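Peer 1:
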Amino acid sequence: MDLDQFTSENAPTDSAEPFQRENSYTLDVDVDGTVMAKAGSMIAYTGDISFTGKASAEGGLKGFLKEATTGEGT
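Below is the structure:
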């Protein structure tokens, strides 16, 4: 596969929809408000975005212990 073929097959497209499939493994989300993602999913983003959980001890007691011992959220 050459560069021209790759760029034409993977070029971003514009749409009015908030969720748009970019290719077979990538979903493009237009963030305008609240968007939820599954904990542990791989997220890449550009811009000024803040990530917050639903509660301080998200994940119940197990999540609280994990956060207290490892410093990681759930």
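So for the sequence shown, the UniProt record's numbering puts the first residue at 1; every next one is plus one. From the three backbone atoms N, C-alpha and C, an ideal C-beta is built for every residue, glycine too. Owing to the predicted nature of the structure, the values given are computational and were not obtained by experimental measurement.
Strictly by DSSP, which residues pair up with residue 19?
Peer 2: Residue mapping note: residue 19 aligns to position 19 of the sequence shown, counting from 1. DSSP lists 29 as partners of residue 19.
Peer 1: For residue 68, name the three-state secondary structure that DSSP assigns.
Peer 2: Looking up residue 68 in the sequence shown gives position 68. Helix at residue 68.
Peer 1: Apart from the five residues just before and just after residue 21, which ones in its own chain have a Cβ nearer than 8 Å to its Cβ?
Peer 2: In the sequence shown, residue 21 corresponds to position 21, counting from 1. Excluding residues within five positions, the ones whose Cβ falls inside 8 Å are 27 and 28.
Peer 1: Indicate whether residue 47 and residue 35 have their beta-carbon atoms separated by less than 9 Å.
Peer 2: Within the sequence shown, the letter at position 47 stands for residue 47. Within the sequence shown, the letter at position 35 stands for residue 35. No, they are not a contact pair.
Peer 1: Any idea what DSSP makes of residue 38, helix, strand or coil?
Peer 2: As a first step, residue 38 is located in the sequence shown; it is residue number 38 there, counting from the start. In this structure, residue 38 counts as coil in the three-state DSSP scheme.
Peer 1: DSSP three-state label for residue 24, please.
Peer 2: For this step, residue 24 is matched to residue 24 along the sequence shown. It is coil, neither helix nor strand.
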